[in-house]
Amino acid sequence: MEEWRIPITVFLAVLVCTVVFWLFFYRWLMRHREKIHGRPFEYIFFLLLFFASYWTTWISSGALKGPQLVTRFSLMVVCIISALFSGYLHYMKKLYT
5 MEEWRIPITV
15 FLAVLVCTVV
25 FWLFFYRWLM
35 RHREKIHGRP
45 FEYIFFLLLF
55 FASYWTTWIS
65 SGALKGPQLV
75 TRFSLMVVCI
85 ISALFSGYLH
95 YMKKLYT
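Residue numbers (this note's numbering): 5 to 101.
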């Protein structure tokens, strides 16, 4: 059980840090809405979905065991959460010029 403690702690820390980052970034964007040029969140959205599918492929391959699996899973969750936030900013809030 000792070998699982660090990967699970890293997973939870990365998860919390990702959500907190996007929430603060969202608040900053709402204040500086007129300074955003182009469609950056659309590109970020698709890039993060690509990375999430990449990590999903690693996880589903079965090559990883134990703590490595949790590490890859945390990377996948970070990409999915970030893709959801960037997709929300682009498609729902329409933060582009």
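No residue lacks a Cβ here, since even glycine has one placed at the ideal position from N, Cα and C.
Counting along the chain, the unbroken alpha helix (DSSP H) around Ser-86 starts and ends at 71 to 91. In its chain, beyond the 5 residues on either side, Met-80, Cys-83, Ile-84, Ala-87 have a beta carbon closer than 8 angstroms to the beta carbon of Ala-56.
For Ala-17, the enclosing alpha helix (DSSP H) starts and ends at 6 to 35.
Two segments are said to touch when three or more pairs of C-beta atoms, one from each, lie closer than 8 angstroms; by this definition the region 86 to 100 touches the region 32 to 52. Buried is the label assigned to Trp-59, since at least 16 other Cβ atoms lie within 10 Å of its Cβ. Membership of Leu-99 in any alpha helix (DSSP H) is not indicated, and neither H nor E is assigned to it by DSSP. Phe-77 is positioned such that its CB atom lies closer than 8 angstroms to that of Phe-15.
In the structure shown, Ile-48 adopts helical secondary structure according to DSSP, grouped into three states.
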